[in-house]
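These notes concern the structure reproduced below.
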Amino acid sequence: MANPTVSIILPTYNRAHTFEHAVKSLLRQTYQDFEIIIVDDGSSDNTESLIKEMMRIDKRIRYLKHDRNRGAAAAKNTGIKHASGRYIAFQDSDDEWISDKLEKQIITFKNAPEDVGVVYTGFWRIFPTRKVYTPYKSVRKKEGDIYYELLNHNFVGMPTVLIKRECFEKVGLFDELLPPLEDWELFLRISKYFSFSLIDEPLVIEYESSDSISKVKSAKITALRRMIEKHQQDFIRYSKKISKFYFQIGDYLCRYGESKEARSYLKKAFCLKPTQSKYLIAYLLSLLGKSIYSKVYKNVLFIIRDYENASSRVRVLNLLPELKQRNIEFEVIQYKNLIDKIRIFMNLKRFDIIFLQRKLPSILESFFLKIFSKKLIFDFDDAIYIKPYSRDINNRSKRYIRFRRIVKMVDCVIAGNRFLAEEARKFNKNVVVIPSAVETRNIPLKDWRVKNDYVVIGWIGSIGNLPCLKIIEPVLEKLSKEYPVELAIICSETLNMTGVKVRFIPWTLETQEEEIAKFDIGVMPLPKTKWTKGKCGYKALQYMAAGVPPVVSYVGINSEIVEHGKEGFVAKDLDEFYKYLKILIENRELRKEMGLKARQKVEKYYSITVVSEMLVDVLTSL
0 MANPTVSIIL
10 PTYNRAHTFE
20 HAVKSLLRQT
30 YQDFEIIIVD
40 DGSSDNTESL
50 IKEMMRIDKR
60 IRYLKHDRNR
70 GAAAAKNTGI
80 KHASGRYIAF
90 QDSDDEWISD
100 KLEKQIITFK
110 NAPEDVGVVY
120 TGFWRIFPTR
130 KVYTPYKSVR
140 KKEGDIYYEL
150 LNHNFVGMPT
160 VLIKRECFEK
170 VGLFDELLPP
180 LEDWELFLRI
190 SKYFSFSLID
200 EPLVIEYESS
210 DSISKVKSAK
220 ITALRRMIEK
230 HQQDFIRYSK
240 KISKFYFQIG
250 DYLCRYGESK
260 EARSYLKKAF
270 CLKPTQSKYL
280 IAYLLSLLGK
290 SIYSKVYKNV
300 LFIIRDYENA
310 SSRVRVLNLL
320 PELKQRNIEF
330 EVIQYKNLID
340 KIRIFMNLKR
350 FDIIFLQRKL
360 PSILESFFLK
370 IFSKKLIFDF
380 DDAIYIKPYS
390 RDINNRSKRY
400 IRFRRIVKMV
410 DCVIAGNRFL
420 AEEARKFNKN
430 VVVIPSAVET
440 RNIPLKDWRV
450 KNDYVVIGWI
460 GSIGNLPCLK
470 IIEPVLEKLS
480 KEYPVELAII
490 CSETLNMTGV
500 KVRFIPWTLE
510 TQEEEIAKFD
520 IGVMPLPKTK
530 WTKGKCGYKA
540 LQYMAAGVPP
550 VVSYVGINSE
560 IVEHGKEGFV
570 AKDLDEFYKY
580 LKILIENREL
590 RKEMGLKARQ
600 KVEKYYSITV
610 VSEMLVDVLT
620 SL
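In terms of numbering that gives the first Met the number 0, the sequence shown opens at residue 0 and continues consecutively.
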């Protein structure tokens, strides 16, 4: 085949379970004049066989393999050396392109000035519990000469770029000694000679990987040192830029116990920017050693059940970016199998605080946690000491015994509401209530200008909670006879309702917020049990964050979250559910008024910013 216009380079390493999805998103592009160069960086799984099967289907796919794992930068360089296209793009093996990405970039290049060397796009960065649009609004100059902005931080996503071949001919390839900052460093070099053009819309979906090398602190230290060496003269021109890097290196070294070397970097940071008080504080604390330093600058291991677990997402993963901004260093490990447990127990001594989220450990696990943890926190947001939806507490059950044991031994318990806190206080006096947090900055607000043919009554939740909707089936059936209403269910499965128009919306992290914002009313029916008293009202918070008024059962924390008659309604029985839903169905302006008040309440009391501050207070107090 003739040389393609675009060469797409996809490095991969033991990603057989994800890269097929990434390749398919490339093949779906509306612009088709491209080749795909997959560089296998020494995989030991079935990557090779899967790729060869793809090659039989599409002749544009080429396969290169390293005999050993050499790193992402080396894999990208191998791809560039074998690329034949005028433009070069990069795809990560676990990310996704929107179908018209390439087409829009090619059109932009055709209409752009000659000095434009890179066209990049916005992207959704998908964390386990939320998504963030990049580049951030705070970036003052997003295109043209962006060199100064790039010196501060990298906001250009590698999977978003389309780069002229001339850029590599001018500045060279990726620095293979720089993981995890090789992308950023390349963009810095390119930005010295070429302009950047931005398509400010999300044309890439980038999934945050739990095992990314960027999470390895030793690699970060090495990379930051090399960045300073390579670009020292540039950084010196902007002292506040290099001072930040000196502080990061010093901070990491302090946490590793290398206080003497750390002080040299912290001193440099302060001398370059004496107005930054935290540099001076960090330097003074480093004189006192790692143990004292860590009392202010904490290092936390978060142990979670699963990256896909809703509680883990809401209670921990949601808050991590905010914790980072508050000098909390952390790592996250899933608690799923034997390998995970070995990793945890081998690393306990490295951390100032072990944060155990929701998991009820065995006797042996509890023993190791107690012996090797400096400080131990237990967090829970459900009545996990009883069976789901149980009406009574059996304090002799295996669940309850494990709960009692872990609560007794930890230094602090964090409960999602007051009911749970009361149960924990039977065995530990140091109990703090921290509610579940909702992201409000990226959640779209309900657009009340849009009118539907039906009044949309919405519900979102897991399969386990889906039967709760059946509680209000008679109410919805009655309302369906009186008004044009529709029940929208966001879940992995749907539910049939007698006499009710039901619209099923498959749950995805990427779309859930937009779909909630299409509701007119949100509902949260619950039976009255000991289990439901432990619920933390997350459904109601999701509705309220989107500016949608909720109608919730008078159970547990719901009446605290929703002020009756102001942000929504709290129903004590089916008659009240019917009454309040009827009021909202008939009064569009009331729905709008309550929805706006609901959003304001969430921003004030339940936003990630507010809740993360509460968590930081707990972490720094231990």
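Using N, Cα and C, we set each Cβ at its ideal position, and we do this for glycine too.
Residues near residue i by beta carbon distance below 8 Å, same chain, minus five either side
| i | result |
| --- | --- |
| V601 | V437, T439, L540, M543 and A544 |
| V610 | L318, I433, P434, S435 and A436 |
| K603 | V609 |
| E175 | R69, G70, A72, A73, N76 and E181 |
Candidates the options, of which the one nearest residue i by Cα
| i | options | result |
| --- | --- | --- |
| P3 | A82, D44 and Y62 | A82 |
| E485 | L475, E492, T493 and V412 | L475 |
| K596 | V617, T619 and G564 | G564 |
| N68 | T77, I50, G41 and N45 | G41 |
| L252 | R236, P273, L286 and H230 | L286 |
| F418 | M157, R401 and Y384 | Y384 |
| K386 | G498, G533, R404 and I302 | G533 |
| I353 | I338, I362 and I327 | I327 |
| I220 | V561, Q231 and P178 | P178 |
| A111 | F195, E492 and Y553 | F195 |
| R502 | K136, K517, L508 and E512 | K517 |
| I392 | A88, T528, K277 and N557 | T528 |
| L573 | Q333, G594, D339 and Y553 | Y553 |
| V522 | I241, N464, K229 and P360 | N464 |
| M496 | K571, K469 and K335 | K469 |
| L478 | G460, E492, K500 and I106 | K500 |
| F33 | F244, T17 and I60 | I60 |
| L202 | A218, S190, I189 and M157 | M157 |
| Q104 | A281, P360 and V5 | V5 |
| L375 | R401, K335, L363 and I302 | I302 |
Short Cβ contact (8 Å threshold) for residue i with residue j
| i | j | result |
| --- | --- | --- |
| L621 | G546 | no |
| I456 | D519 | yes |
| S396 | Q356 | no |
| F350 | L319 | no |
| R124 | T133 | yes |
| D549 | C467 | The residue you asked about is not Asp; residue 549 is Pro in the sequence shown. Their beta carbons are not under 8 Å apart, which means P549 does not touch C467 by this criterion. |
| F246 | L265 | yes |
| E95 | I204 | yes |
| L25 | I35 | yes |
| Y399 | T531 | no |
| L614 | K297 | no |
| V160 | F89 | yes |
| K369 | R304 | no |
| V117 | I162 | yes |
| F576 | I471 | yes |
| I462 | S491 | yes |
| D199 | G143 | no |
Residue i, enclosing alpha helix (DSSP H) - first and last residue
| i | result |
| --- | --- |
| W183 | E181 to S190 |
| M593 | R587 to Y604 |
| G78 | A71 to H81 |
| A88 | Run containing A88: none in the alpha helix (DSSP H); it sits in the beta strand (DSSP E), Y86 to F89. |
| M543 | Y537 to A544 |
Cβ shell of residue i (< 7 Å), same chain only, five flanking positions each side left out
| i | result |
| --- | --- |
| N153 | D182, W183 and F186 |
| A430 | With the sequence shown as reference, residue 430 is identified as Val, and Ala is not the correct amino acid for it. If we look at V430 and ignore the five residues flanking it on each side, its Cβ neighbours are V412, A414, A420, A423 and R424. |
| D210 | Confidence in D210 is poor, its pLDDT being 42 and thus under 50, which makes the residue's placement too unreliable to answer from. |
| A261 | G249, L252, C253 and S285 |
| R404 | S365 |
| S606 | A436, V437 and T439 |
| A222 | L177, P178, P179 and L180 |
| E19 | L49 |
| Y206 | D93, D94 and I125 |
| V569 | V551, Y553, N557, S558, V561 and H563 |
Closer than 7 Å: residue i CB and nearest the ligand MN heavy atom
| i | result |
| --- | --- |
| I189 | No copy of the ligand MN occurs in the structure displayed, which carries no ligand at all. |
Proximal residues to residue i (C-beta, below 6 Å), its chain only, five neighbours per side dropped
| i | result |
| --- | --- |
| P505 | none |
| A15 | D44, N45, T46 and L49 |
| A1 | none |
Span of the beta strand (DSSP E) around residue i
| i | result |
| --- | --- |
| E205 | S194 to Y206 |
| P134 | That residue, P134, is in no beta strand (DSSP E); it is neither H nor E in DSSP. |
| M523 | I520 to M523 |
| R667 | Residue 667 is absent from the model: the chain starts at 0 and stops at 621. |
CB contact check: residue i to chain B, cutoff 8 Å
| i | result |
| --- | --- |
| K297 | The displayed structure is made up of one protein chain only, and chain B is not part of it. |
The segment 576-590 in contact with the segment 368-385 per 3-pair CB rule at 8 Å = no
Taking 8 Å as the threshold, find out whether the segment 28-43 comes into contact with the segment 71-87 through three or more Cβ pairs.
-> With a cut-off of 8 Å, the segment 71-87 and the segment 28-43 count as touching, because enough Cβ pairs lie within range.
Pair every Cβ in the segment 263-282 with every Cβ in the segment 334-351, then say whether three or more of these pairs are closer than 8 Å.
-> no
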